[in-house]
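Numbering (the numbering used here), first residue to last: 1291 to 1609. The structure under discussion appears below in the form of structure tokens.
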Ligand code: GAR
């Protein structure tokens, strides 16, 4: 698996950035730090990254004004990053920037979200008499501190704790949590179980879909429980293949050969299954076009569905 290229954005000290960076030095870490940048050119974290010989781009959001987000976008593109990790980055991201990087930005926040979004999380937890607080790593969405929670760590609040003492302990917990969760997140596209869950949620959108196996591989069928016909199968590195592939019904060998020749990174001829008209779509890639996968699933569902169901879909399409 290629290591994912991650940009880390900091506004200050950068201790989480350092934790991510040192974790990336392990040879089995699935990400590498391709860039460290932020909004304040004199942020202490940038000097640490420079000392560690990581590419750094010093951007000044005050001086750049509205041009800041474009300059940031150019720096991210020039570094060819796959993911952005916010590590004490204190600027709110504009919606169009988040949309451009949808699902590729993660953040660490010093509370057990959804509790205590925003600032002063430690003082608020103490003032509320909470017994514990912690930190959360989540996907960034346009609404601040609200995206999918990827991982959390709890930290006890001790008698006599103040915001400063609590922050120091939560920070230790953050440094354990963030590299582990980022590593898991960037590895998702290669995880057959995650791929299966993703296909399951897409396939569940069609009528009369059930689960079946095909020679032990997970599959989806359409029609009545007993007579249901398989329309999608996951072949997880079947018979030594490299692909975790989705097998769908194509119109025949000519179409399959044409697609495989035109896009060999996307399509393949699956061993054994290919001969029965199953086309393989490689899913263990970073750049899967899930809309395209959804279209193939629908096509395959239609090809295998009993006539009455396919007719229902045709009628629905007319409206
Ligand atoms: C960390 O505690 C992080 O969770 C928090 O800022 C600190 C940055 O420290 N982030 C937020 O509050 C984001 N809303 P660091 O610069 O040493 O990593």
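C-beta: ideal position from N, C-alpha, C; glycine also.
Query raised in the report: Using the rule of at least 16 other Cβ atoms within 10 Å of the residue's Cβ for burial, across every protein chain shown, is residue 1323 buried or exposed?
Result: buried
Query raised in the report: How far does the beta strand (DSSP E) with residue 1442 in it reach, from first residue to last?
Result: 1439 to 1446
Query raised in the report: Between residue 1461 and the ligand GAR, is the CB less than 7 Å from at least one heavy atom?
Result: yes
Query raised in the report: Out of curiosity, what's the CA-to-CA distance linking residue 1313 and residue 1398?
Result: 16 Å
Query raised in the report: The alpha helix (DSSP H) spanning residue 1526 covers which residue range?
Result: Note, residue 1526: premise wrong, no alpha helix (DSSP H); beta strand (DSSP E) at 1519 to 1526.
**Report entry** Length-filtered (3 minimum) beta strand (DSSP E) runs lying within the region 1347 to 1381
**Finding:** 1373 to 1376
Query - Per DSSP, the bridge partner or partners of residue 1427 - result: 1398 and 1441
Query raised in the report: With a Cβ-Cβ cutoff of 8 Å, do residue 1423 and residue 1409 count as a contact?
Result: no
Query raised in the report: With a CB to CB cut of under 8 Å and the five nearest residues on each side skipped, what residues in its chain are close to residue 1373?
Result: 1294, 1295, 1296, 1297, 1321, 1394, 1395, 1396, 1472, 1475 and 1476
Query raised in the report: Does the beta carbon of residue 1425 fall short of 7 Å from some heavy atom of the ligand GAR?
Result: yes
Query raised in the report: Do residue 1302 and the ligand GAR come close, with the Cβ less than 7 Å from some heavy atom?
Result: yes
Requested in this report: Kindly provide the ranges of any alpha helix (DSSP H) runs that are 4 or more residues long and lie completely inside the region 1468 to 1555, ordered along the chain.
Outcome: 1482 to 1493 and 1543 to 1552
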